[in-house]
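Here's the structure, in structure tokens; my notes come after.
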Amino acid sequence: MYTAIQLNSYLKTKVGAHDTKMKRMKLLYYAQAWHLAWYGRPLFDDEIQAWDMGPVPASVYYHEKSPVTSGSAIALEPAVEHHIKSIIAFYGNKTGTQLSSMTHEEDPWKEAYSSGKNQVISKDAMFRYFSQVSDRPLKPPASAKPVSNDKLQLALAKTNEKFRGVDKILADR
1 MYTAIQLNSY LKTKVGAHDT KMKRMKLLYY AQAWHLAWYG RPLFDDEIQA WDMGPVPASV
61 YYHEKSPVTS GSAIALEPAV EHHIKSIIAF YGNKTGTQLS SMTHEEDPWK EAYSSGKNQV
121 ISKDAMFRYF SQVSDRPLKP PASAKPVSND KLQLALAKTN EKFRGVDKIL ADR
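If you read the sequence shown in full-length UniProt numbering, its first letter stands for residue 1, the second for the next number, and so on.
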């Protein structure tokens, strides 16, 4: 699993230098929310908090604010890279301010927000809300890992052995 800081470094290389920190914060929020909705697990463990300007991964905010911000872009696993690119394709044409306004209309932020409190937006709230949203990014296709012919043949043999005779039982019904 990646950290929000690592994914933010990756985003910096993909959304362009003209884009703001606010935009990257919102893209990270949407990447987390859609990952929860599509796969039932978080993309990163970092908390996302409900701030005045919308959802913020606090670890990224404070990392960017520090005078020593290291962290070059990392190579992501293909499935994670496809996921991030899907989020950018869907939300990337909007400004940070537009994305912030959008998040203010969504239940996860509204449920967690309390002025000046920086309450955590629960992963469960993101999962529930984004699992039901109809206007959504295109979910990346599942990626299959290559398997050797020997392993495939072994798996087929085990499956055939396990279900030997089932066709006869079903035919006799």
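Beta carbons: idealized from backbone N, C-alpha and C, even for Gly.
Separation of the CB atoms of G92 and K26 is rounded to 11 Å, and the pair is thereby denied contact status at 8 Å.
Note that the stretch 156–173 does not touch the stretch 52–68; fewer than 3 beta-carbon pairs, one per stretch, sit closer than 8 Å. P141 and K110 have their C-alpha atoms spaced approximately 31 Å apart. Here the alpha carbons of D46 and H83 stand approximately 18 Å from one another. Closest in alpha carbon position to K123, among V147, G40, P78, I5, is G40. Under the three-state reduction of DSSP output, Y113 falls in the coil class, being neither helix nor strand. Here A37 is not near Q49, since their CB atoms are 8 Å or more apart.
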